[in-house]
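Written out below as structure tokens is the structure these notes cover.
Protein chains: 2
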Amino acid sequence: MPEAAALPRAVGLLGGGVIGGGWAARFMLNGVDVALFDPDPEAERKVREMLDLGREALSSLVLAPLPPEGRLTVVRSPQEAAEGADFVQESAPERLDVKRSLLAAADTAAAPSTVIASSTSGLLPTRLAEGLARPERFCVGHPFNPVYLLPLVEVVGGAATSPETISRAAATYEAVGMHPLPLRHEIDGFVADRLLEALWREALWLVADGVATVAEVDDAIRYGAGLRWAAMGTFLTYRIAGGEAGMRHFMAQFGPALQWPWSKLTDVPELTDELVERMAEQSDQQAGGQSLRELEQVRDRCLVAVLQGLRSQAYGAGTTVAAYERRLLSRTHALAADPDGVAIAQDGTTSGVPLVVHRTRIPAAWIDYNGHVHESRYLQMFGDATDALLHRLGVDSTYLDSGHSFYTVETRLGFRRALTAGDVVEVRLQVLGADEKRIHAWLELVCGGEVAATAEHLYLHVDTTSQKAVPALPAVAGRVRTLAESHAGMGWPAGAGRAIADRTPWYRERAAT
Amino acid sequence: MPEAAALPRAVGLLGGGVIGGGWAARFMLNGVDVALFDPDPEAERKVREMLDLGREALSSLVLAPLPPEGRLTVVRSPQEAAEGADFVQESAPERLDVKRSLLAAADTAAAPSTVIASSTSGLLPTRLAEGLARPERFCVGHPFNPVYLLPLVEVVGGAATSPETISRAAATYEAVGMHPLPLRHEIDGFVADRLLEALWREALWLVADGVATVAEVDDAIRYGAGLRWAAMGTFLTYRIAGGEAGMRHFMAQFGPALQWPWSKLTDVPELTDELVERMAEQSDQQAGGQSLRELEQVRDRCLVAVLQGLRSQAYGAGTTVAAYERRLLSRTHALAADPDGVAIAQDGTTSGVPLVVHRTRIPAAWIDYNGHVHESRYLQMFGDATDALLHRLGVDSTYLDSGHSFYTVETRLGFRRALTAGDVVEVRLQVLGADEKRIHAWLELVCGGEVAATAEHLYLHVDTTSQKAVPALPAVAGRVRTLAESHAGMGWPAGAGRAIADRTPWYRERAAT
């Protein structure tokens, strides 16, 4: 089905709670008009708050611009919500009678071509569809909270659901950025919630038995298996854990544990040869020919990316990584400590050599489609070097809190050599000149003894409240002077001080006019 | 305990399989020497392969340099592994007799101050410790695969374990970058594996009953709840799902579902008032005074970071985001479509106005400690603008595959105004000049009608195999010419063509010498 046909113009939503409000945000942020029915007089306020959350989340998730937002109309009946809608989504509480009556009302009012879906977490579509005049256009579309952000939606038909309904619902969800997972069999709780429910019930036991608190139970997930689950489910994870022998080996090794009291779920399937064979075959298919080593690398790269994401949010396992990194850095800094805070180069001399201000290793995440480090990452490393320089000059959090800082006002970058993942680089810095408000610096990014890129920076000292240039405060100004003097005897680096236009004929021709 | 004391000099490892090899990598990459005992003659090869994986993962995870690696010595007995070790970690198969005999051997050989830990997934420490001469220095330290990357390690003592052993084991794990979770009660399967085991047993039923394949079961996790679990466990997630009324409301709403057949785990704890109250109190404590709105924002920012991480790896839910982004971009590009591929500006004229090549919204993730957009992000946006320009000029994947591309060789940035999260910006581009090998362009990053930053770029056309400058191929060269001609009548932008040194006195003084 073409994209344009899959994206509805208008949807009717029955229920505007946490799930219904999430649907409203998901659709509106994709430019779809929403007619919402909810008996709660507070529904519109709640939905608009959800829309604010969704806008912030979705617009920072994707780098593409979102389309103009759809409109929200709060209506007074389920019929009104369904009239004129291309797609209806019901998200009422999990009560069969409540859901049935809303669905029946929508069924009478909606155009015959309109798909009607229910957000139920686990009620059977065949039972929900009882009493509908057109059960063939009904299915379950079970999303996950927050609906505007999580991709998964389980699509489940009942006995009377037409295949076209399933494919149209799936196409609609895909058009608004989701990942539809059509299920071939209806079963109480479907697939995802059965898994969540089993874990949840076990978690309740742990708290009920006083084994752990809710925070400890949560930590047991989010610092461990939860990080894997963001990228890979349990089966692929265990295939990898089976090592070189794979899924059959894993089942042989851990199969006996199914009989052990390691869970309250003691009713377990019998691991017949046939079941083990089925799992192994499906696992081979899932792995798609990737070797153990390849799968391990995919897993690790995903884990690194997930952990780095959490570090950027200073949350959960990301805080563990950040603390670890600080410990590693403090070990490194202790090695290269500079008692005066300024201008002692790596070889111990205090003048005439550039300052090594920053060292790092190129992470895999920085590599673009050409296999090269993206140009902005060079500036990120030069920026980190600037931060390290300023720190040495005494621009610390106290100084920043006093309302003063150096801003970079101009930067010129020269790119000489491509870098790749794993390269270890260092940034060497030479002060070309300085006065009470300005520092003019030349930086070289060096990899394996070779200059891979250069940067010429002009830093301006500013009052961060008035945003005006002002002289640096005495302690910092003194360190700037000391450093500039210690570099005064060095030669002028080749390439420093020049303009891009020096290399082109058209500047002289045109600037002269 | 001080850091230096917590990091062991040398550890003894009993078992070098998937878990033991992971420990070897974790310790060695932190500079700790490892003595490994494993009867498998292939153990050393496997451990070294694990070390390679771990090195790649850990060194791309942290931006700090890792210390010089510890040495690996393969020894011929568990006694030899334990002699001279500050810390012993056993990771044999889950057989009580095997583990007991290894632990007993280590116990006789290790110095009295050495902590001995077992990696068991769920055997009780009290039972493992039976027969040890010094059971007080024994505990469980249960890690998760891959051990060199996942932070979680459950620390569990037996009846005879001393509190000092628990705190020393925890400090050791923390020193190598992990998150120790000390448990107050020993129970079969501990906490994490009880949760994993319940989910796993349910997953086996789904496959055994033919409801879903292993790939479908995995997708039901990794496109949905798995993304949340990377940041938050089930309890905090459900507290948020409870909406404004929190945990008590959630239990009231979903409590009845515990009686429904939504899982094979039908033996569920009774939701007494006392249990609900305990959970609600523990949940309040876990939330630490954060409001619902704050928790939602934390959750969403983490989800965005996790999804963006997966997008960078083109894996799982990251592929959904990437596909969605492409669809959004193609809608935007369709709006601004340019039938000739070149030089039609937003207002429909074909010359004399800059090309609007890129639009975006500043994501929250780009904000630094000053509340500003990090300077490297400006270059990222200018880089995206370059990509869009090159695409218009016909530099597409076919062209790149032919071994040709434009490289940025020099860039000059001017920073005029700070940007903040949510700002919508566009990049306008003017070609200053071009020849068969070069394009010289002036770009302005505009926010709310004001120029926030400028960039002057020099692009060089290269043969990507030889890495030499060569003329562009005819179709692309023609489009470059057309674009350059259409911009020839425009004025020279203020600031273009200049050098940083034009603004400073010291260049003239020093360059003259």
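In the order they appear, the protein sequences are chains H and Z.
Under the numbering used here, the first residue of the first sequence is numbered 1381, with each subsequent residue one higher.
Under the numbering used here, the first residue of the second sequence is numbered 1381, with each subsequent residue one higher.
Built from N, CA and C at the ideal position, the CB exists for glycine as well.
Please go through the same chain and pick out, in chain order, the residues whose beta-carbon is closer than 7 angstroms to the beta-carbon of residue i, but skip the five residues on each side of it.
| i | result |
| --- | --- |
| residue 1516/Z | 1540, 1541, 1542 and 1545 |
| residue 1578/Z | 1645 |
| residue 1669/Z | none |
| residue 1774/H | 1721, 1855, 1856 and 1859 |
| residue 1489/H | 1459, 1462 and 1463 |
| residue 1848/H | 1842 |
Of all Cβ atoms in chain H, is any one closer than 8 angstroms to the Cβ of residue i?
| i | result |
| --- | --- |
| residue 1499/Z | no |
| residue 1819/Z | no |
| residue 1413/Z | no |
| residue 1692/Z | yes |
| residue 1670/Z | no |
| residue 1682/Z | yes |
| residue 1599/Z | yes |
| residue 1573/Z | yes |
| residue 1615/Z | yes |
| residue 1395/Z | no |
Considering only residues of the same chain and omitting the five flanking positions on each side of residue i, which have a CB-CB separation below 8 angstroms?
| i | result |
| --- | --- |
| residue 1659/Z | 1615, 1627 and 1631 |
| residue 1694/Z | 1702 |
| residue 1478/Z | 1472 |
| residue 1683/H | 1607, 1608 and 1611 |
| residue 1480/H | 1508, 1510 and 1511 |
Which residue marks the beginning of the alpha helix (DSSP H) containing residue i, and which one marks its end?
| i | result |
| --- | --- |
| residue 1606/Z | 1606-1609 |
| residue 1810/Z | Where residue 1810/Z is concerned, there is no enclosing alpha helix (DSSP H), although the beta strand (DSSP E) it sits in stretches over 1804-1814. |
| residue 1412/H | Where residue 1412/H is concerned, there is no enclosing alpha helix (DSSP H), given that its DSSP letter is neither H nor E. |
| residue 1867/H | 1854-1867 |
| residue 1614/Z | 1614-1621 |
| residue 1787/Z | It is not in any alpha helix (DSSP H) - residue 1787/Z instead sits in the beta strand (DSSP E) that spans 1784-1795. |
| residue 1800/H | Where residue 1800/H is concerned, there is no enclosing alpha helix (DSSP H), given that its DSSP letter is neither H nor E. |
| residue 1686/Z | 1672-1692 |
| residue 1818/H | Where residue 1818/H is concerned, there is no enclosing alpha helix (DSSP H), although the beta strand (DSSP E) it sits in stretches over 1818-1827. |
| residue 1462/Z | 1458-1462 |
Here's a check: name, in chain order, each residue in its chain whose Cβ is nearer than 6 angstroms to the Cβ of residue i, leaving out the five neighbours to either side.
| i | result |
| --- | --- |
| residue 1495/Z | 1467, 1517, 1545, 1548 and 1549 |
| residue 1911/H | No answer is possible for residue 1911/H: the residues shown for chain H start at 1381 and end at 1893. |
| residue 1850/Z | 1843 |
| residue 1873/H | 1822 |
| residue 1734/Z | 1808, 1809 and 1810 |
| residue 1795/Z | 1833 |
| residue 1533/Z | 1521, 1523, 1553, 1558 and 1560 |
| residue 1741/Z | 1804 |
When the cut-off is 8 angstroms and only beta carbons count, does residue i lie next to chain Z?
| i | result |
| --- | --- |
| residue 1546/H | no |
| residue 1659/H | yes |
| residue 1536/H | no |
| residue 1403/H | no |
| residue 1612/H | yes |
| residue 1795/H | yes |
| residue 1878/H | yes |
| residue 1510/H | no |
| residue 1543/H | no |
| residue 1553/H | no |
Need the endpoints of the beta strand (DSSP E) that residue i sits in, please.
| i | result |
| --- | --- |
| residue 1830/Z | 1830-1843 |
| residue 1650/Z | That residue, residue 1650/Z, is in no beta strand (DSSP E); it is neither H nor E in DSSP. |
| residue 1434/H | From DSSP, residue 1434/H is part of no beta strand (DSSP E) but of the alpha helix (DSSP H) over 1423-1441. |
| residue 1736/H | 1735-1741 |
| residue 1390/H | 1390-1394 |
Whole-angstrom Cβ separation of residue i and residue j, contact assumed at under 8 angstroms?
| i | j | result |
| --- | --- | --- |
| residue 1458/H | residue 1423/H | Actually they do not touch by this definition, with Cβ atoms about 13 angstroms apart. |
| residue 1520/Z | residue 1498/Z | 5 angstroms |
| residue 1402/H | residue 1526/H | 5 angstroms |
| residue 1591/H | residue 1571/Z | 7 angstroms |
| query | Which parts of the segment 1465-1501 of chain Z are runs of the alpha helix (DSSP H), unbroken and 4 residues or longer, counting only runs that do not cross its ends? | reply | 1476-1489
| Where in the segment 1504-1590 of chain H do unbroken runs of the beta strand (DSSP E), each at least 3 residues long, occur, reported from the N-terminal end onward? | 1518-1523, 1532-1537 and 1559-1563
| query | Which ranges would you report for the beta strand (DSSP E) in the segment 1747-1779 of chain H if only whole runs of at least 3 residues count? | reply | none
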